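Chemist:
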């Protein structure tokens, strides 16, 4: 966390330094009101001098105008500091979220972005003003001491009492606030998951049970938040009582000193105003403490993510790969699992060859595809593209050289053209060529705005066009073959396709093969594998058979199917147990 702290502080130190200087000037100008009162009571009233009154009034109004201007400039500086923070961190944070999701094998979510925005709002907005004003409360204490030592000591005692009350208040609300935050996160996570599955919920009548389950998280959140709010209201009431009581006691103490002729009447009233200014930062700190703490906790979560992510510049750009793939003794154990999903995988294919992979459900085919494209890193062994391990390739170069169509195709909330071009601009010919290669060009032209049709979040979001599963899959295929990547990995690419889609897919594979591109094809349809040079049978995470397509097919027809072998192995294990 230290590395991030120093980087951020260096980036905005100039803004914060100027804001701190302006805070000093602002707090000095706040002395104008008590000094004006002091001079009016002690000089203007006894002397009845209108000239002195006018001059003092003009001076205090100029002080107020300057104070307002400086406060505006301080807010301007802090806003620019927030923009500077965002400029420095936003790209690194976005990449870190994607990288963390890949390494943890969990779906990416936007909570770190919300954490960063919360931290930025708190520490470059109004919340930070109280921290800037707090050190300068000593100015008012010094001035009160100059008026009379007894008044100064009373101010110090008042501040100590308020600080102790503030500390006790935060100890009182810390636990329920923390528990409320955790319960809120669970509630939001569960609701987000539910909203992504609304069709299933409606189709199978799950809404009532789902809402009841969600209420469990929500009730914990509300009860803890209510407890924290009640305690905060109680403690703030106690603090407000002591602050008002101390101001009245200060007035009484000043009156006693006036009676004793130790101070003048102007000093008495000025001391009350100065005490209010000396106590105000502490009372404001109590009110802003929750947001300051939550902002710091958000910063800590962001710091952990950013510091765990390697933001160093990419290494030397390697020559564009040809597509030769080698897997050497590869095993992969997901986080939290005890057994590998794929184990001891060894094979190689040359550039321009087509590999078909088949096997029963749960055999590890999709995991193998993710290993091939570098989405996950092997727990053991190495995956090599043109002799270099996947993690040796700079991420951008590797991504431009690989086309990947996962089982669940997700398109982004933008135009069809941007989805196909992988958010690269200025190459319309390549976009159309990729769509034609995937056999989806004519279908795209039928959309309301053609390639400029916007797709909503989840492909059916607000203002977005609704696409069928086959439509999404074919646009996803166009994105995968955009700019003719040297390696194309297709995971069940025909699962949502009709006959025309199957023919377009087969033509696309033949065209990629003719261009010397390597294709890895995972499919349950034998017709899709007709152009494969090699065939791999995967079962229980291990290669059961691998070789030339014709040889493997002959062996398959003369031996039990992988599913039969799988069932026989399960039955044998059950009988032994």
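Residue numbers (our numbering): 135 to 711. C-beta atoms are modelled at their ideal positions from N, C-alpha and C, and glycine is treated no differently. These figures come from a predicted structure and were not determined experimentally.
Does the stretch 284-304 come into contact with the stretch 371-381, if we say contact requires no fewer than three beta-carbon pairs (one atom in each stretch) closer than 8 Å?
Modeler: At 8 Å Cβ cutoff, the stretches touch.
Chemist: Does the Cβ-Cβ distance between residue 505 and residue 543 come in under 8 Å?
Modeler: Counted from its first residue, the chain shown places residue 505 at position 371. Counted from its first residue, the chain shown places residue 543 at position 409. No, the Cβ-Cβ distance between residue 505 and residue 543 is not below 8 Å.
Chemist: Alpha carbon to alpha carbon, what distance is there between residue 174 and residue 422?
Modeler: Counting from one through the chain shown, the residue named residue 422 turns up at place 288. Counting from one through the chain shown, the residue named residue 174 turns up at place 40. In a straight line, the C-alpha of residue 422 is about 36 Å away from that of residue 174.
Chemist: Kindly list the residues whose CB is nearer than 6 Å to the CB of residue 355, restricted to its own chain and excluding five residues on each side of it in sequence; keep chain order.
Modeler: Translated into positions along the chain shown, residue 355 becomes position 221. Counting only Cβ-Cβ distances below 6 Å, and skipping sequence neighbours, we find 314, 317, 318 and 321.
Chemist: Just to confirm the assignment, what range does the alpha helix (DSSP H) spanning residue 489 have?
Modeler: Counted from its first residue, the chain shown places residue 489 at position 355. From DSSP, residue 489 is part of no alpha helix (DSSP H) but of the beta strand (DSSP E) over 488-492.
Chemist: Taking DSSP as the reference, what is the three-state secondary structure of residue 632?
Modeler: The sequence position of residue 632 within the chain shown is 498, counting from 1. Of the three classes helix, strand and coil, the one that applies to residue 632 here is coil, per DSSP.
Chemist: What span of residues does the alpha helix (DSSP H) with residue 381 cover, start to end?
Modeler: Taking the chain shown and counting its residues from 1, the one referred to as residue 381 is at position 247. Per DSSP, residue 381 belongs to the alpha helix (DSSP H) from 341-393.
Chemist: In angstroms with no decimal places, state the Cα-to-Cα distance between residue 593 and residue 228.
Modeler: For the purposes of this step, residue 593 is taken as the residue at position 459 of the chain shown. For the purposes of this step, residue 228 is taken as the residue at position 94 of the chain shown. Legend: pLDDT at residue 593 = 43, less than 50; position of this residue unreliable, value from coordinates given subsequently. Roughly 22 Å between the two C-alpha positions.
Chemist: Quick check: the Cα distance between residue 690 and residue 498, rounded to an integer number of angstroms?
Modeler: Taking the chain shown and counting its residues from 1, the one referred to as residue 690 is at position 556. Taking the chain shown and counting its residues from 1, the one referred to as residue 498 is at position 364. Residue 690 and residue 498: Cα-Cα distance of roughly 20 Å.
Chemist: Give me the Cβ distance between residue 503 and residue 671, rounded to the nearest whole Å; I'm assuming they're in contact under 8 Å.
Modeler: For this step, residue 503 is matched to residue 369 along the chain shown. For this step, residue 671 is matched to residue 537 along the chain shown. Actually they are not in contact, since the Cβ atoms of residue 503 and residue 671 sit about 15 Å apart, beyond 8 Å.
Chemist: Look at residue 154 and residue 266 and say whether their C-beta atoms are less than 8 Å apart.
Modeler: Numbered from its first residue, the chain shown carries residue 154 at position 20. Numbered from its first residue, the chain shown carries residue 266 at position 132. A contact, by the Cβ cut-off of 8 Å.
Chemist: Tell me the residue span of the alpha helix (DSSP H) that contains residue 245.
Modeler: As a first step, residue 245 must be located in the chain shown, where it is residue number 111. Looking at the DSSP string, the run of the alpha helix (DSSP H) that includes residue 245 is 245-257.
Chemist: Quick one: grab the DSSP three-state call for residue 605.
Modeler: Along the chain shown, one-based indexing puts residue 605 at 471. It is helical.
Chemist: Rounded to the nearest angstrom, what separates residue 675 and residue 470 at their Cα positions?
Modeler: Translated into positions along the chain shown, residue 675 becomes position 541. Translated into positions along the chain shown, residue 470 becomes position 336. About 17 Å.
Chemist: Take every Cβ of the stretch 394-403, pair it with every Cβ of the stretch 158-166, and state whether three or more of those distances are shorter than 8 Å.
Modeler: No, because fewer than three Cβ pairs between the stretch 394-403 and the stretch 158-166 fall closer than 8 Å, the two stretches do not touch.
Chemist: Are the beta-carbon atoms belonging to residue 515 and residue 666 less than 8 Å from one another?
Modeler: Numbered from its first residue, the chain shown carries residue 515 at position 381. Numbered from its first residue, the chain shown carries residue 666 at position 532. Not a contact, by the Cβ cut-off of 8 Å.
Chemist: Hey, is the stretch 208-224 in contact with the stretch 374-390, meaning 3+ C-beta pairs nearer than 8 Å?
Modeler: With a cut-off of 8 Å, the stretch 374-390 and the stretch 208-224 do not count as touching, because too few Cβ pairs lie within range.
Chemist: If you count every other CB in all the chains shown that lies within 10 Å of the CB of residue 148, and 16 or more means buried, which is it?
Modeler: As a position in the chain shown, residue 148 is number 14, starting the count at 1. Classification of residue 148: exposed, given that the 10 Å Cβ count is below 16.
Chemist: Ignore the nearest five residues each way along the sequence and tell me which others in residue 533's own chain have a CB closer than 6 Å to its CB.
Modeler: Here residue 533 corresponds to residue number 399 of the chain shown, with the count starting at 1. Result list for residue 533: empty, nothing under 6 Å.
Chemist: List the DSSP bridge partners of residue 539.
Modeler: Taking the first residue of the chain shown as position 1, residue 539 is located at position 405. In the DSSP output, where bridge partners are listed per residue, residue 539 has 624.
Chemist: Please name the residue, chosen from 408, 363 and 341, that lies closest to residue 165 on a Cα-to-Cα basis.
Modeler: Here the question's residue 165 lines up with position 31 in the chain shown. Looking at the Cα atoms, 408 is the closest of the given residues.
Chemist: At what residues does the alpha helix (DSSP H) containing residue 552 begin and finish?
Modeler: Numbered from 1 along the chain shown, position 418 holds the residue referred to as residue 552. First-last of the alpha helix (DSSP H) with residue 552: 550-554.
Chemist: For residue 625, which residues from the same chain have a beta carbon less than 6 Å from its beta carbon, with the 5 sequence-adjacent residues on both sides left out?
Modeler: Numbered from 1 along the chain shown, position 491 holds the residue referred to as residue 625. The residues are 500, 503, 540, 541 and 656.
Chemist: Are residue 178 and residue 429 close, meaning C-beta to C-beta below 8 Å?
Modeler: The residue labelled residue 178 in the question sits at position 44 within the chain shown. The residue labelled residue 429 in the question sits at position 295 within the chain shown. It is not a contact, given that the beta carbons lie outside the stated cut-off.
Chemist: Whole-angstrom Cβ separation of residue 623 and residue 568, contact assumed at under 8 Å?
Modeler: Locating residue 623 in the chain shown gives position 489, where the first residue counts as 1. Locating residue 568 in the chain shown gives position 434, where the first residue counts as 1. The Cβ separation is near 16 Å, so there is no contact.
Chemist: Let me check understanding here. Comparing Cα to Cα, which of 677, 673 and 663 lies closest to residue 687?
Modeler: Taking the first residue of the chain shown as position 1, residue 687 is located at position 553. Taking only the C-alpha atoms, the option nearest residue 687 is 663.
Chemist: I think residue 468 touches residue 475, with their Cβ atoms under 8 Å apart; what is that distance to the nearest whole Å?
Modeler: One-based indexing of the chain shown puts residue 468 at position 334. One-based indexing of the chain shown puts residue 475 at position 341. Confirmed, about 6 Å.
Chemist: If you drop the 5 nearest sequence neighbours on each side, which residues of the same chain put their C-beta closer than 7 Å to that of residue 527?
Modeler: Counting from 1 along the chain shown, the entry for residue 527 is found at position 393. Excluding sequence neighbours, residue 527 sits near 452 and 519.
Chemist: How big is the Cα-Cα spacing for residue 645 and residue 517?
Modeler: Indexing the chain shown from 1 puts residue 645 at position 511. Indexing the chain shown from 1 puts residue 517 at position 383. Distance between the alpha carbons of residue 645 and residue 517 is about 26 Å.
Chemist: Measure the C-alpha to C-alpha separation of residue 647 and residue 559 and round it to an integer number of angstroms.
Modeler: What you label residue 647 is simply residue 513 of the chain shown in a count that begins at 1. What you label residue 559 is simply residue 425 of the chain shown in a count that begins at 1. When rounded, the distance between both Cα atoms is 27 Å.
Chemist: Which residue comes first and which comes last in the beta strand (DSSP E) that contains residue 654?
Modeler: Numbered from 1 along the chain shown, position 520 holds the residue referred to as residue 654. Residue 654 -> beta strand (DSSP E) spans 652-656.
Chemist: Just the C-alpha distance for residue 327 and residue 344, rounded to the nearest angstrom, thanks.
Modeler: Here residue 327 corresponds to residue number 193 of the chain shown, with the count starting at 1. Here residue 344 corresponds to residue number 210 of the chain shown, with the count starting at 1. In a straight line, the C-alpha of residue 327 is about 11 Å away from that of residue 344.
Chemist: Taking the straight line between their C-alpha atoms, what separation do you get for residue 287 and residue 279?
Modeler: In the chain shown, the residue the question calls residue 287 occupies position 153. In the chain shown, the residue the question calls residue 279 occupies position 145. Cα-Cα distance, rounded: 8 Å.
Chemist: Would you decide whether residue 249 is buried or exposed? Buried here means 16 or more other CB atoms lie within 10 Å of its CB.
Modeler: As a working note, residue 249 is residue 115 in the chain shown. Answer is buried; the Cβ neighbour count reaches 16.
Chemist: Are the CB atoms of residue 271 and residue 405 nearer to each other than 8 Å?
Modeler: Working through the chain shown from its first residue, we reach residue 271 at position 137. Working through the chain shown from its first residue, we reach residue 405 at position 271. In this structure, residue 405 does not lie closer than 8 Å to residue 271 by Cβ.
Chemist: Could you check the C-alpha separation between residue 553 and residue 224 for me, to the nearest Å?
Modeler: Within the chain shown, numbered from 1, the residue matching residue 553 stands at position 419. Within the chain shown, numbered from 1, the residue matching residue 224 stands at position 90. Each residue's Cα considered, the two are about 22 Å apart.
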